[in-house]
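In the numbering used here, the protein residues as written are 667 to 937. Quick reminder that beta carbons are idealized off the backbone N, C-alpha and C, glycines included. Just so you know, these numbers come straight off a predicted model, no measurement behind them. Written out below as structure tokens is the structure these notes cover.
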């Protein structure tokens, strides 16, 4: 097998976070791996394996010069890997370090689709690296990683739970979103829901469905902003927009609205 490249760069879904580059460890046989586009083709004898790691020093006990993921000490996280695996065996690792040495690691076996790696960081956490372990013969296409903290993962799980009981024959009324949706493409910021309920063919629904609508639009790359106007937007929607990095547009000319705007919106952006 001829090596085309020895590294793979991919995006991490986390606001403001730079892409990660995984490199074949120096002692691994280059002929065992070919990187073609965003696909890893690997072929190893029985009992052998190789690693691709995010740090330049191939020695696992040595801390990386820069952390691969923006983690904090003693916090729970969920790292979701979206992959296609055709043959062979692959696992995803997150390895933690303090200022001088390796601390602990978490790992998960990858399968086609989305695989979550859940872990809690060490109290002494300072940096981390990401690694892929490959064995056997196969191809792995890594679409990307999504990093969530415990609260974000719980919110996502709640959104899916809310979605489950709804009759698939009942669809949210696009008219409830004003004129922002046209021919399946959001032409501008989606108005923030008012009054706590959205109509679904004339029926009142659970307020959590507002967030579900926004989340589904965001996941389909149809939503890039919210028009807050001068209304007191629910805190849950502000939290969601902040997590997703959604643009918020405001127009608050009324002095009576300023205290709420400064306390609930501007305060979120304070250093």
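Residue 751 and residue 807 have their C-alpha atoms roughly 7 angstroms apart. Just so you know, the alpha carbons of residue 910 and residue 712 end up roughly 43 angstroms apart. When Cβ pairs closer than 8 angstroms are counted between the two stretches, the stretch 809-817 is seen to touch the stretch 736-747, the count reaching three or more. Within the same chain, and ignoring the five residues on either side of residue 814 in sequence, the residues whose Cβ sits closer than 6 angstroms to its Cβ are 744. Sorting 882, 878 and 686 by C-alpha distance to the C-alpha of residue 732 places 686 at the top. Annotation for residue 721: 730 and 795 place their beta carbon closer than 6 angstroms to its own, counting only its chain and skipping 5 residues before and after. Taken atom to atom, the span from the alpha-carbon of residue 884 to that of residue 912 is near 9 angstroms. Of 753, 793, 698 and 774, the smallest CA-CA separation from residue 715 is found for 698. Short of 6 angstroms from the beta carbon of residue 788, and not among the five residues preceding or following it, lie these beta carbons of its own chain, in chain order: 762, 769 and 770. Rounded to the nearest angstrom, the gap between the Cα atoms of residue 756 and residue 719 is 13 angstroms. CA-to-CA, the gap between residue 753 and residue 803 works out to about 6 angstroms.
For residue 815, the enclosing beta strand (DSSP E) covers residues 803-815. A residue is called buried when at least 16 other Cβ atoms come within 10 angstroms of its Cβ; residue 793 meets this threshold and is buried.
DSSP places residue 779 within a strand segment (E or B) once states are collapsed to three. DSSP, reduced to helix, strand and coil, places residue 738 outside both helices and strands of the structure shown, so it counts as coil.
Residue 702 counts as exposed, since fewer than 16 other C-beta atoms from the protein chains shown sit within 10 angstroms of its C-beta. Looking only at 779, 798, 772 and 777, the smallest Cα-Cα distance to residue 786 is reached by 772. Going by beta carbons, residue 800 and residue 880 fall outside the 9 angstroms limit. Residue 816 and residue 901 do not touch by the CB rule: their CB atoms are close to 19 angstroms apart, not below 8 angstroms. A straight-line Cα-Cα distance of about 27 angstroms links residue 704 and residue 819. Assigned with DSSP and collapsed to three states, residue 924 falls in helix. Residue 798 sits close to residue 688, with the two beta carbons spaced by under 9 angstroms. Annotation for residue 710: no alpha helix (DSSP H) segment contains it, and DSSP assigns it neither H nor E.
In summary, residue 766 is exposed, with fewer than 16 beta-carbon neighbours lying within 10 Å of its beta-carbon over all protein chains present. The continuous beta strand (DSSP E) containing residue 756 extends over residues 755-763. Bounds of the beta strand (DSSP E) holding residue 689 are 686-690.
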